[in-house]
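For the sequence shown, UniProt numbering assigns the number 1 to the initial residue and increments by one for each residue that follows. All C-beta atoms, glycine included, are put in the ideal place defined by N, C-alpha and C. On a predicted model such as this, the values are computed, not experimentally measured, just so you know.
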Amino acid sequence: MTGAHLHLHDSSEAQPVGPHVRNLVLGVLIPLVLATIVGLIALWPSGETPSIEAGVRTDATIVETRPCADVVETPAPPEGEPGGEQDAGECREADVRVDSGPDEGVETVVPLPFGVGAPEFEAGDAVVLGAIPDAPLDSRYEVLDFQRDLPLIWLTAVFAVAVVVLSGWKGLAALAGLGVSMLVLLVFVLPALLTGGPPLLVAIVGASVIMIVTLYLAHGASIRTSVALIGTLVSLALTGLLGALFTSLAHFTGLSGDAAAYLGTVNAEIDVRGLLLAGLVIGALGVLDDVTVTQSAAVWELAAADPAASRRSLLAAGLRIGREHVAATVNTLVLAYVGASLPLLMLFSVAGQGVTDIITTEAVAQEIVRALVGGLGIIAAVPVTTALAVVAVRGRPHRPAGRRAARAASPR
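Here it is, written out as structure tokens:
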């Protein structure tokens, strides 16, 4: 992918561009791509990825459920309080058939979770068992959870079909891009973070790889797509820098969540606070993609609709479209983060804490910083991408047709 031999086709674009614009875009894009490749090589995970013993998991099917055979005695409560002997009907157990592992085909009895909020299991349910391999058969297994692979497979299939039916070949390309995104996250981002890589750099490099591949897959190799890509990468870097600044100013520790705190004990080299930044960058990635592609396409269509439009009028029109897009997108981003932390907000409300106390708690403040920094990245993406697109479609100062004709007719 070098110089004059990099083919960025304009067949699908409303406004073809001249070679000077093509060279300008390539002059910006190629260093960004090369920097991404260098970062990918330098940050590629090396060494052994830390792991923990999560126990043996086995597939099984519930054959029959019933009350426990024995009544469980509990200590007598203080006078006037409910409790005492537990009703045997509350305790449940099940006959299960083991469907995988060394005991495949064997039936055994396992206890079922019971009590307030416990899931209800019925005959025929596919479940996941936790196993202690060396224990006797009658105490070897316990029910961990339902198996959810089949519903997820069906939902994924419906989603893929819907995308292809609506978007055709572009839909297939978008699905391929989604697969690339997951591959980058699983093969590069997660292992690099687990082996102690710098989270912000890992996230930016991983996000850049995802953007470079998925944008060209979904929208084709063109100047218009390249402009959107440059706008995305610039806005993404700004988002990361703002996230780093406000994460430091807010004195986040990264230990407010159980998962992050536990990761810190698994591998001391993991920068738990840096994981906040990595999550922020990757979380803002998809929204930035949407904004930059839309702005680039909007400017191209505006230029096609009015070939005589000047740079200034195109920029103004593009920014008007961007303002509407930002208003909707920022609201979507904030609501997504609020929805993710809704149980936590409810917990604080039940505890009787004031609004200020709730907002400044690290667990909630993290989500606020994610949403607002992501929103700032989106806001920055609009003028950056719009200006780049205007320069691309109006690579040279525009002269009205009458002035060009007068100049051509004037004696030399």
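Cβ shell of residue 65 (< 7 Å), same chain only, five flanking positions each side left out: 92, 94, 112, 121, 122 and 123
Beta-carbon contacts of residue 238 that lie in its chain and below 7 Å, excluding the five residues immediately before and after: 377 and 380
Measure the beta-carbon distance from residue 253 to residue 362 and round it to whole angstroms, keeping in mind my assumption that it falls under 8 Å. 7 Å
Assuming contact is defined by CB atoms lying nearer than 8 Å, are residue 292 and residue 192 in contact in what I supplied? no
How many whole angstroms separate the CB atoms of residue 209 and residue 40, which I take to be in contact at a CB cut-off of 8 Å? 6 Å
Terminal residues of the continuous alpha helix (DSSP H) containing residue 289? 272-305
Indicate whether residue 129 and residue 106 have their beta-carbon atoms separated by less than 8 Å. no
Determine the direct distance from the alpha carbon of residue 68 to that of residue 173, and round the result to whole angstroms. 54 Å
Cβ-Cβ distance between residue 296 and residue 29 below 8 Å: no
Going by beta carbon distance, what residues of the same chain come within less than 7 Å of residue 373, once the five residues before and after it are set aside? 239, 242, 243, 246 and 280
Contact set for residue 108: own chain, Cβ-Cβ below 8 Å, skip 5 residues either direction: 95, 96, 98, 137, 138, 140 and 141
Neighbourhood of residue 189 by C-beta, 8 Å cutoff - its chain only, sequence neighbours within 5 removed: 202, 203, 206, 278 and 282
List the whole-angstrom C-beta distance separating residue 214 from residue 177, where the pair is believed to meet the contact cut-off of C-beta under 8 Å. 3 Å
Apply the 10 Å Cβ neighbour rule to residue 211 and answer buried if 16 or more other Cβ atoms are within range, or exposed otherwise. buried
Do you know offhand how far residue 222's Cα is from residue 22's? 10 Å
Straight-line CA distance for residue 230 to residue 100? 50 Å
Answer with buried or exposed for residue 288, where buried requires no fewer than 16 other C-beta atoms within 10 angstroms of its C-beta. buried
Which term fits residue 342, buried or exposed, when burial requires 16 or more other beta carbons within 10 angstroms of its beta carbon? exposed
What does the Cβ neighbour count give for residue 153, buried or exposed, with the cut at 16 atoms within 10 Å? exposed
Alpha-carbon spacing of residue 331 relative to residue 294, whole angstroms: 17 Å
How many angstroms separate the CA atom of residue 394 from the CA atom of residue 310? 8 Å
Are the CB atoms of residue 127 and residue 146 nearer to each other than 8 Å? yes
Which class does residue 22 belong to by DSSP, given the choice of helix, strand or coil? helix
Can you give the beta carbon distance from residue 224 to residue 300, rounded, assuming they're within the 8 Å contact cut? 5 Å
Just to confirm my understanding: we take residue 388, look at its own chain, exclude 5 residues before and 5 after, and list those with CB closer than 7 Å. What are they? 227, 230 and 231
For residue 36, is the classification buried or exposed, using 16 other Cβ atoms within 10 angstroms of its Cβ as the cut-off for buried? buried
Between residue 390 and the rest of its own chain, which residues show a CB-CB distance below 7 Å, the 5 nearest in sequence each way excluded? 299, 311, 314, 315 and 318
Within its chain, find whatever has a CB closer than 6 Å to the CB of residue 45; leave out the 5 residues flanking it on each side and keep chain order. 191, 192 and 195
Endpoints, beta strand (DSSP E) assigned at residue 93: 92-98
Endpoints, alpha helix (DSSP H) assigned at residue 361: Note, residue 361: premise wrong, no alpha helix (DSSP H); not H, not E.
Quick check on residue 323: does DSSP put it in helix, strand or coil? helix
Name, in chain order, the residues that DSSP records as bridge partners for residue 62. 96
Around the C-beta of residue 27, are 16 or more other C-beta atoms found within 10 angstroms, so that it is buried, or is it exposed? exposed
Under the three-state reduction of DSSP, which class applies to residue 392: helix, strand or coil? helix
For residue 149, the nearest candidate out of 185, 286 and 59 (CA to CA): 59
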